[in-house]
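Chain order of the listed sequences is A and B. Straight run, no breaks: the first sequence in our numbering ends on number 981. Straight run, no breaks: the second sequence in our numbering ends on number 57. The beta carbon of each residue, even a glycine, is placed where N, CA and C say it ideally should be. Some notes on the structure that comes next.
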Amino acid sequence: NSIIGDNYRWPHVIPYVLDDSLEMNAKGLILKAFEQYRLKTCIDFKPWEGEKNYISVFKGSGCWSSVGNRQEGLQQLSIGANCDKIGTIQHEFLHALGFWHEQSRSDRDDYVSIIWDRIQPGKDHNFEKYDDKTSDSLNVPYDYTSVMHYSQNAFRNGTEPTIVTNIPDFMDVIGQRMDFSDYDLQKLNRLYSCSSSLSFMDTCSFELENICGMIQSSDDNSDWQRLSQVPAGPNSDHTNMGECKDSGYFMHFNTSAGAKGSTAVLETRILYPKRGFQCLQFYFYNSGHESDRLYVWVREYTSAHPNGTLRLIEEIKGSPATYWQLHHVSLNVTSKFRVVFQGMRGSGLSNGGLSIDDINLSETQCPHHVWHIRNFTHLLNTSPAGTAGRIYSPPFYSSKGYAFQVSLYVNGTTDNPFNLAMYLHLISGANDDQLQWPCAWQQGTMILLDQHPDIRQRMSNQRSITTDPLKLSDSSSTYFWDRPDKVGSIASFPNGTTFMRGPGSGTSTFLTHQRLRSRNFIKDDGVYILLTMEDISHLLSTQPSVSPTFVVNTSSANTIKPTSNTTATKPTMRPTATTTASVTLTEKPELPNSCLDNPCENDGVCVIVDRAPVCRCPAGDNWWYMGERCERKGSTQENTIIAVSSTISVFIVMLIVTITTAVCLKKKYSQ
Amino acid sequence: VWSQPALETTEIDVDGGIDQDIFDINEALGLDLFEGDIKLDGMQER
Numbered sequence: 311n312s313i314i315g316d317n318y319r320w321p322h323v324i325p326y327v328l329d330d331s332l333e334m335n336a337k338g339l340i341l342k343a344f345e346q347y348r349l350k351t352c353i354d355f356k357p358w359e360g361e362k363n364y365i366s367v368f369k370g371s372g373c374w375s376s377v378g379n380r381q382e383g384l385q386q387l388s389i390g391a392n393c394d395k396i397g398t399i400q401h402e403f404l405h406a407l408g409f410w411h412e413q414s415r416s417d418r419d420d421y422v423s424i425i426w427d428r429i430q431p432g433k434d435h436n437f438e439k440y441d442d443k444t445s446d447s448l449n450v451p452y453d454y455t456s457v458m459h460y461s462q463n464a465f466r467n468g469t470e471p472t473i474v475t476n477i478p479d480f481m482d483v484i485g486q487r488m489d490f491s492d493y494d495l496q497k498l499n500r501l502y503s504c505s506s507s508l509s510f511m512d513t514c515s516f517e518l519e520n521i522c523g524m525i526q527s528s529d530d531n532s533d534w535q536r537l538s539q540v541p542a543g544p545n546s547d548h549t550n551m552g553e554c555k556d557s558g559y560f561m562h563f564n565t566s567a568g569a570k571g572s573t574a575v576l577e578t579r580i581l582y583p584k585r586g587f588q589c590l591q592f593y594f595y596n597s598g599h600e601s602d603r604l605y606v607w608v609r610e611y612t613s614a615h616p617n618g619t620l621r622l623i624e625e626i627k628g629s630p631a632t633y634w635q636l637h638h639v640s641l642n643v644t645s646k647f648r649v650v651f652q653g654m655r656g657s658g659l660s661n662g663g664l665s666i667d668d669i670n671l672s673e674t675q676c677p678h679h680v681w682h683i684r685n686f687t688h689l690l691n692t693s694p695a696g697t698a699g700r701i702y703s704p705p706f707y708s709s710k711g712y713a714f715q716v717s718l719y720v721n722g723t724t725d726n727p728f729n730l731a732m733y734l735h736l737i738s739g740a741n742d743d744q745l746q747w748p749c750a751w752q753q754g755t756m757i758l759l760d761q762h763p764d765i766r767q768r769m770s771n772q773r774s775i776t777t778d779p780l781k782l783s784d785s786s787s788t789y790f791w792d793r794p795d796k797v798g799s800i801a802s803f804p805n806g807t808t809f810m811r812g813p814g815s816g817t818s819t820f821l822t823h824q825r826l827r828s829r830n831f832i833k834d835d836g837v838y839i840l841l842t843m844e845d846i847s848h849l850l851s852t853q854p855s856v857s858p859t860f861v862v863n864t865s866s867a868n869t870i871k872p873t874s875n876t877t878a879t880k881p882t883m884r885p886t887a888t889t890t891a892s893v894t895l896t897e898k899p900e901l902p903n904s905c906l907d908n909p910c911e912n913d914g915v916c917v918i919v920d921r922a923p924v925c926r927c928p929a930g931d932n933w934w935y936m937g938e939r940c941e942r943k944g945s946t947q948e949n950t951i952i953a954v955s956s957t958i959s960v961f962i963v964m965l966i967v968t969i970t971t972a973v974c975l976k977k978k979y980s981q
Numbered sequence: 012v013w014s015q016p017a018l019e020t021t022e023i024d025v026d027g028g029i030d031q032d033i034f035d036i037n038e039a040l041g042l043d044l045f046e047g048d049i050k051l052d053g054m055q056e057r
């Protein structure tokens, strides 16, 4: 429920600063949280460039924010130790955008009961509710699934819950920190009048006969058919898994008929990119022959080629399988385009064909790797807790060349048996001699995918781990993220190849089994773990060289006081190397220092643009500073005086000229 | 699924084995924030 008052709203593009006090993992996660806002709402974030009001995210004590835009210039939001989880960051930014906690809405007593005698003494005030003159639930139903809802154990004194849901089934739902709920998004989009989101492009589950505006090409031999099952497979669509009568469709290209090389082409409607990079996701089922192919193309329209030109993006091939498989295809399209799915019959004998379902296209980065775990229910039912029930992902390489692996405890560790536990390990790889060790600032993200057909309604669960090159092992004798063949233990792949696996970092409370069994985490009896390991060393230094209005005290939540709202502080030096001589951060950006001697006058703010200092000059409603160093002042009053003076001057000059002319003419004619 | 024979690999739990929510984290730090994680300005406090 939102704070009432338009003055508390931010503009749709919110300027932010990531203070260098933030942990590196938190910095990377904040950017990922922004991506979720871009995918699901019209709220965008931009690095601060001198705007009056902005959010400064820093590592304070704890995780906290103000509610709404306080319009005080710099507004702080703390992502402290242990707050580096995407759901926590989304929660705090929803406060900043103007939302209170869900259970404080005026009608909450209709939906939850507060058990006052279980609350810690002196903490009752945390369970107050607001009347509808203070907060607005935006005509959205009470939301047990909100990322803004307290958990059942908030502020408890003992072991019994402080909040009991009036519908018992929701007891284990409240307090989720996976992602925005549908109602969170509805409220945010209503509050900010969003009619579309920034990076979402299209979703299609083929449930409607218009097949989302896709068209069959005429330059082929066959058509894709909209079906709900095929004798050779699939037996059902992926959207509903055949569970809903009279629904559940997918698109199928029959490769059991026709000649070798015959094709069917399905094209999406025309799409308009904004960001220049896209991720196409879809589920694919091959019941044909291994020689059958699915080609993904884009048809790009430019002024030079108004009818479009085709560019092949990916060829998808593989042995037939009896299940749907998730595929990701990265696109990098900058002009209007269509995605083209071309099925091609191969040379072999087929009884079925190629099928696609649950397509999503968004202007986001694709995950680097996908780990599909099938027969998951069996694993859940049979795996013991602890290391005996631990499974490992296949080995993967990061974009920088580091080899890594993920371990999953299906039935948790012995301490946390009702949770999924997940850990990230570096393993020995082919590039180890060429890589920097200890491994520095590589952020590994492990996402358990909510397989909802519409990407906007997914509430996936994710955690990220960032390699800190100075982190020591428990014994303090080695670096934690050093070469796996130096600090790891021997392990082997199923084919018998041995390798070295470094220590793992992760969590034994990745997700409770209760939540795992909710939503669409398990679908077609499989789960997907999406893995990405990316270099975030460019985030080592993120804060601007000058804090323009406030001195930031990062030590405590309660000791932050503005020093001045007009005077620029001395330039804040960016941190120099955070590593010792034993670690070389080859990717560390060279730090421009031209703003160190702030050249700007009159409270101008120095920022680096194209590696050169530029002054951002202060301005008010009717005055401004200008010039390279903000040395000159302008005002509307001065302009008026100048304009009036100029007019008077021109008038006087004209008068003199007229009089002189008249005198001269009179003199001439009198002669 | 790649199974692994019982060769021991060490692991560290960044959460210390506890699923700490925002409010637990702030409480453990002794913060006295409104509703656990909201910073009020002077006018709101009044």
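Within the stretch 415–433 of chain A, no residue has a Cβ lying closer than 7 Å to any Cβ of chain B.
Nearest in C-alpha terms to residue 562 of chain A, of all of A/652, A/555, A/520, A/481, is A/652. Between the stretch 549–561 of chain A and the stretch 703–717 of chain A, the count of Cβ pairs shorter than 8 Å is below three; the stretches do not touch. Taking a 10 Å sphere around the C-beta of residue 469 of chain A, we find fewer than 16 other C-beta atoms and assign the residue as exposed. A residue is called buried once 16 or more other Cβ atoms fall within 10 Å of its Cβ, and residue 972 of chain A, having fewer, is exposed. Within the same chain, 753, 774, 776, 846, 849 come within 7 Å of residue 338 of chain A by CB-CB distance, once the 5 residues on both sides are set aside. For residue 459 of chain A, the three-state secondary structure derived from DSSP is coil. Listed along chain B, no residue sits closer than 7 Å to residue 455 of chain A by beta-carbon distance, the nearest being about 15 Å off. At a C-beta separation below 9 Å, residue 470 of chain A has no neighbours in chain B, since its nearest C-beta there lies roughly 16 Å away.
In the three-state reduction of the DSSP assignment, residue 971 of chain A falls in the helix class, which pools H, G and I. Residue contact check for residue 747 of chain A against chain B: no CB pair falls below 8 Å. Annotation for residue 552 of chain A: 546, 558 place their beta carbon closer than 6 Å to its own, counting only its chain and skipping 5 residues before and after. Using a Cβ-Cβ cut-off of 8 Å, residue 411 of chain A counts as an interface residue toward chain B, since at least one Cβ of chain B sits closer than that to its own.
Following the DSSP letters along the chain, one finds residue 663 of chain A in no alpha helix (DSSP H) but inside the beta strand (DSSP E) bounded by residues 663–672.
Taking the Cβ atoms as the reference, residue 597 of chain A lies roughly 7 Å from residue 544 of chain A, within the contact range of under 8 Å.
Contact check for residue 588 of chain A and residue 673 of chain A: beta-carbon distance about 5 Å, within the 8 Å limit, so the pair qualifies. At least 8 Å separates the CB of residue 499 of chain A from every CB of chain B. The beta-carbon separation of residue 714 of chain A and residue 810 of chain A, rounded to 12 Å, does not stay under the 8 Å limit for a contact. When A/539, A/447, A/478, A/540 are compared, the shortest CA-CA separation from residue 500 of chain A is found for A/447.
Counting the other CB atoms within 10 Å of its CB gives residue 974 of chain A a total below 16, which places it among the exposed residues.
About 19 Å separates the beta carbon of residue 452 of chain A from that of residue 487 of chain A, a gap too long to meet the 8 Å contact definition.
What residue 733 of chain A touches in chain B, judged by beta-carbon distance under 9 Å, is 20, 22, 23, 24, going in chain order. Rounded to whole angstroms, the separation of the alpha carbons of residue 370 of chain A and residue 331 of chain A is 8 Å. Collapsing the DSSP output to three states places residue 594 of chain A in a strand. Rounded to whole angstroms, residue 748 of chain A and residue 686 of chain A show a C-alpha spacing of 35 Å. Listed in chain order, the positions of the stretch 474–486 of chain A with a beta carbon within less than 9 Å of a beta carbon of chain B are 485. For a cut-off of 8 Å, the C-beta gap from residue 428 of chain A to residue 472 of chain A is around 5 Å, short enough to register as a contact. Residue 817 of chain A and residue 716 of chain A have their C-alpha atoms some 12 Å from each other.
In summary, residue 965 of chain A is exposed, with fewer than 16 beta-carbon neighbours lying within 10 Å of its beta-carbon over all protein chains present. In the structure shown, residue 729 of chain A adopts extended strand secondary structure according to DSSP, grouped into three states.
In this structure, the beta-carbon distance from residue 377 of chain A to residue 313 of chain A falls below 8 Å.
Contact with chain B is found for residue 377 of chain A, since one of that chain's Cβ atoms lies less than 8 Å from the residue's Cβ. Shown here, residue 415 of chain A sits in coil according to DSSP, grouped into three states, outside any helix or strand. Checking the DSSP bridge columns, you'll see residue 22 of chain B partnered with A/814. Under the 8 Å criterion on CB atoms, residue 361 of chain A is classed as non-interfacial with respect to chain B.
Here the C-alpha atom of residue 912 of chain A lies approximately 29 Å from the C-alpha atom of residue 52 of chain B.
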